[in-house]
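There are 2 protein chains.
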Amino acid sequence: MSDQTGRRKTRQLYIGNVPIGGDAPISIQSMTSCPTKNIPLVLAEIKRLEEAGCEIVRLGIPDEESARAIRLIKNETRIPIVADIHFDYRLALESIEAGADALRINPGNLRNKEQVQALVKACRDKNIPIRIGVNSGSIDKTRFSHPTAEALVDSALEHIKILEELEFFEIKVSLKSSHVPTMVRAYRLFAEIRDYPLHLGVTEAGTYEQAIVKSSIGIGALLLDGIGDTIRVSITGDVVKEIEAARTILRSLGLRKEGIEIISCPTCARKEFDVEAAVNELLEKTKHVKKYLKVAVMGCVVNGPGEASEADVGVAVGKTGAVLFKNGKVIKNISKDQIISALLEEIFQ
Amino acid sequence: MSDQTGRRKTRQLYIGNVPIGGDAPISIQSMTSCPTKNIPLVLAEIKRLEEAGCEIVRLGIPDEESARAIRLIKNETRIPIVADIHFDYRLALESIEAGADALRINPGNLRNKEQVQALVKACRDKNIPIRIGVNSGSIDKTRFSHPTAEALVDSALEHIKILEELEFFEIKVSLKSSHVPTMVRAYRLFAEIRDYPLHLGVTEAGTYEQAIVKSSIGIGALLLDGIGDTIRVSITGDVVKEIEAARTILRSLGLRKEGIEIISCPTCARKEFDVEAAVNELLEKTKHVKKYLKVAVMGCVVNGPGEASEADVGVAVGKTGAVLFKNGKVIKNISKDQIISALLEEIFQ
Numbered sequence: 460m461s462d463q464t465g466r467r468k469t470r471q472l473y474i475g476n477v478p479i480g481g482d483a484p485i486s487i488q489s490m491t492s493c494p495t496k497n498i499p500l501v502l503a504e505i506k507r508l509e510e511a512g513c514e515i516v517r518l519g520i521p522d523e524e525s526a527r528a529i530r531l532i533k534n535e536t537r538i539p540i541v542a543d544i545h546f547d548y549r550l551a552l553e554s555i556e557a558g559a560d561a562l563r564i565n566p567g568n569l570r571n572k573e574q575v576q577a578l579v580k581a582c583r584d585k586n587i588p589i590r591i592g593v594n595s596g597s598i599d600k601t602r603f604s605h606p607t608a609e610a611l612v613d614s615a616l617e618h619i620k621i622l623e624e625l626e627f628f629e630i631k632v633s634l635k636s637s638h639v640p641t642m643v644r645a646y647r648l649f650a651e652i653r654d655y656p657l658h659l660g661v662t663e664a665g666t667y668e669q670a671i672v673k674s675s676i677g678i679g680a681l682l683l684d685g686i687g688d689t690i691r692v693s694i695t696g697d698v699v700k701e702i703e704a705a706r707t708i709l710r711s712l713g714l715r716k717e718g719i720e721i722i723s724c725p726t727c728a729r730k731e732f733d734v735e736a737a738v739n740e741l742l743e744k745t746k747h748v749k750k751y752l753k754v755a756v757m758g759c760v761v762n763g764p765g766e767a768s769e770a771d772v773g774v775a776v777g778k779t780g781a782v783l784f785k786n787g788k789v790i791k792n793i794s795k796d797q798i799i800s801a802l803l804e805e806i807f808q
Numbered sequence: 460m461s462d463q464t465g466r467r468k469t470r471q472l473y474i475g476n477v478p479i480g481g482d483a484p485i486s487i488q489s490m491t492s493c494p495t496k497n498i499p500l501v502l503a504e505i506k507r508l509e510e511a512g513c514e515i516v517r518l519g520i521p522d523e524e525s526a527r528a529i530r531l532i533k534n535e536t537r538i539p540i541v542a543d544i545h546f547d548y549r550l551a552l553e554s555i556e557a558g559a560d561a562l563r564i565n566p567g568n569l570r571n572k573e574q575v576q577a578l579v580k581a582c583r584d585k586n587i588p589i590r591i592g593v594n595s596g597s598i599d600k601t602r603f604s605h606p607t608a609e610a611l612v613d614s615a616l617e618h619i620k621i622l623e624e625l626e627f628f629e630i631k632v633s634l635k636s637s638h639v640p641t642m643v644r645a646y647r648l649f650a651e652i653r654d655y656p657l658h659l660g661v662t663e664a665g666t667y668e669q670a671i672v673k674s675s676i677g678i679g680a681l682l683l684d685g686i687g688d689t690i691r692v693s694i695t696g697d698v699v700k701e702i703e704a705a706r707t708i709l710r711s712l713g714l715r716k717e718g719i720e721i722i723s724c725p726t727c728a729r730k731e732f733d734v735e736a737a738v739n740e741l742l743e744k745t746k747h748v749k750k751y752l753k754v755a756v757m758g759c760v761v762n763g764p765g766e767a768s769e770a771d772v773g774v775a776v777g778k779t780g781a782v783l784f785k786n787g788k789v790i791k792n793i794s795k796d797q798i799i800s801a802l803l804e805e806i807f808q
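Protein chains in written order, with the numbering used here: chain Y, 460 to 808; chain A, 460 to 808.
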């Protein structure tokens, strides 16, 4: 582990034109929630995902029609597509044929060695990586009675071994659990022993409020250790929320510098101003801003100036007016009415 | 650091009847956002906080009227009260006199040694602990140009030294930053060298969506290390959301066993059922449940049974119906119409 001093060294691979691992930025991915064979629906969902900042899209491929749909979807979009397949190697071959940029499939779930060989050959021919994705459902129940971190790592290593024996190393790994401490421990154990790039995620995390907490803890704790190369926040609900949360996780850790990061106090008896309303107005008016800026809105003069001085631009509001800061220096005194417009002026200049 | 093998050993102190540190459960606290001297408003906010699961309430004390209000507030509520004071030792003495159960004050901000001695004597007489709360605004700018983790720890140690020289050790410490990696690193550094109980929080975390992500990462990463004795999620917005998020953080890490934890899939092309609607209906109907249960709602049969079998009770939904699991065993096949009622029956039995 590198504990905040740097990022773990991993092999690099490509999903389409998106590098994963090595010194590549940590990428954000999601999975569509509509039937893959319903192409207009899929394309609409992909468009919303891309606009929100998604960089890789995974599609569930439960049948041949879905595999064939990949070709038509690829014609209409440039985002790299991962085909998610369980058990059926023919669906994997069809997905590759249809233009999938990567597969998620566990080779140990295929029927026999011939199927694995055919799969690896097809991947090698088209330079397509495979994500081995283990979770609580994929552990070896003859050896582990519970889906512990050790059981998850063991399962991943079994699948990896099958590919490595065929000298296939274009592998990305995920070790997901719905139990956050297990998930964190599994990735940490794996990161100590192997250098494949890691796809981080907490699985089956629930609806918005629980999912965002679990994903932030699990993904965030690992990224703080320098572990993780691509992330997926799983939410039962709108996929766009997954991307927004993923971006916020990366920005909070300084791993992405984009958009407006608000520094605002929780407000207390000392507040002299409706901070929440001001912040929400600012966020609404700046949601399409791409450049990174740290903007402080502080409701009092006690913590205000100290924290706001670390922001690129900020206000600290007192009884009778406010002070506008920029890069740690007071620019001017303003009235409370001018707070929003003064901040917007600095943001958009 | 104990890295998931156990909890860091800390001294124990009491805030009212709530133990902090040692083997005490990790407690949840918040701070009221209305003027402390507006007693009906404060009492209404405290009631909402208590109902949501808050165990300690902090009040900002910017003036004498607020300090005196503590007595009237204490008459009407049993939750322990922390008086939050900056600079003015007379407000601290008045708050103690009025019945505050703890103080948050940084002794280095008092004017002279006599003031500190008077404060310590008053705390000792009434057995009242002091939280030293440092943040980016309180670093020694003659020695540190930026509020780094080291600067935060240095600042805390300076304040601690003042109390220790008077042989006062009823100390709790917070080292907050709005920058999550700095906050995590500061607490980790401090935890390696001192055994005072720690109050965890990310400060000035912004409005709901950013605040919950930042707080979950920062507080969660530390709790995974066994660091942290009491927590406060800071949100610019409704304080009740802070408590809900804090409870979700603790439950996600297995540190609280209360309420319904939902295991539900993000849904994909394989889903056979509106998982989000079902989960939201379940959450609404079980939000007052105190006992801990892990309830799975899985939208397909691929990951469904594997994950659901780890839950106390769960359903995995296929094309034509669903399977009800309990403690890892299938109880019965049910129709899709029966999913909610079957789960509720198991939850409430």
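From the three backbone atoms N, C-alpha and C, an ideal C-beta is built for every residue, glycine too.
query	result
Three-state secondary structure assigned by DSSP to Y/TYR473	strand
Cα-Cα separation, Y/PHE628 to Y/LEU622	7 Å
Counterpart residues of Y/MET757 in DSSP-defined beta bridges	Y/ALA775
Contact list for the segment 475-494 of chain A against chain Y, Cβ threshold 9 Å	SER489, MET490, THR491, SER492, CYS493, PRO494
Below-9 Å beta-carbon distance, A/CYS809 vs any chain Y residue	Nothing about residue 809 of chain A can be reported from this structure: the residues present for chain A run from 460 to 808 only.
Limits of the beta strand (DSSP E) - the one that Y/LYS785 falls within	781-785
9 Å Cβ cutoff met for A/ARG590 and A/LEU562	yes
Supposed contact pair A/GLY685 and Y/GLY679 - C-beta distance, whole angstroms, cut 8 Å	Not quite, the Cβ-Cβ distance comes to about 17 Å (not below 8 Å), so this is no contact.
Members of the segment 579-602 of chain Y that neighbour chain A once the beta carbon cut-off is set at 8 Å	ASN594, SER595, GLY596, SER597
9 Å Cβ cut-off: residues of chain Y touching A/LEU616	In chain order: nothing, as chain Y lies at least about 19 Å away.
Within-9 Å CB hit, Y/PRO640 to chain A	yes
Three-way DSSP call (helix, strand, coil) for A/ASP707 in this model	Strictly speaking, residue 707 of chain A in this sequence is Thr, with Asp absent from that position. Helix, per DSSP.
Cutoff 9 Å: A/HIS747 Cβ touching any chain C Cβ	You won't find chain C in this structure, because its protein chains are Y and A.
In DSSP terms, what A/GLU720 is bridged to	A/LYS753
Cα-Cα separation, Y/PRO606 to A/GLY558	50 Å
Per DSSP, cross-strand counterpart(s) of Y/LYS791	Y/LEU783
As assigned by DSSP and simplified to three states, the class of A/PRO640	helix
Short Cβ contact (9 Å threshold) for Y/TYR655 with Y/ILE694	no
Distance between Y/LEU742 and Y/ARG710 (C-alpha atoms, nearest Å)	15 Å
Interface residues of chain Y facing A/GLU735 [CB-CB closer than 7 Å]	THR666, THR695, GLY696
Reduced DSSP category for Y/GLY665 - H, G, I as helix; E, B as strand; rest coil	coil
A/ARG602 Cβ short of 8 Å to the ligand FMN heavy atom set	Annotation note on the ligand FMN: not contained in the displayed structure, which lists no ligands.
Beta-carbon neighbours of Y/ILE702, restricted to chain A and to distances below 7 Å	Within 7 Å Cβ-Cβ: nothing; Y/ILE702 doesn't reach chain A, min ~12 Å.
Inter-residue Cα distance where the pair is Y/PHE603 and Y/LEU683	30 Å
C-beta neighbour in chain Y for A/GLY465, strict 9 Å	no
Environment of Y/GLN808 [buried if 16+ CB atoms lie within 10 Å]	exposed
Y/GLU827, buried or exposed, once every other Cβ within 10 Å from all chains shown has been counted against 16	The first residue shown for chain Y is 460 and the last is 808, placing residue 827 of chain Y beyond what the model contains.
Range of the contiguous alpha helix (DSSP H) that encloses A/LYS631	Careful: A/LYS631 lies outside any alpha helix (DSSP H), inside the beta strand (DSSP E) at 630-634.
Chain A within 9 Å of Y/PRO521, Cβ atoms only	yes
C-beta contact flag for A/LEU531 and A/ALA542 at 9 Å	no
Chain A within 9 Å of Y/SER461, Cβ atoms only	Note that Y/SER461 scores a pLDDT of 41, beneath 50, so its modelled location is shaky; the value from the coordinates is reported in the next line. Answer no: the Cβ-Cβ gap between Y/SER461 and chain A never drops below 9 Å.
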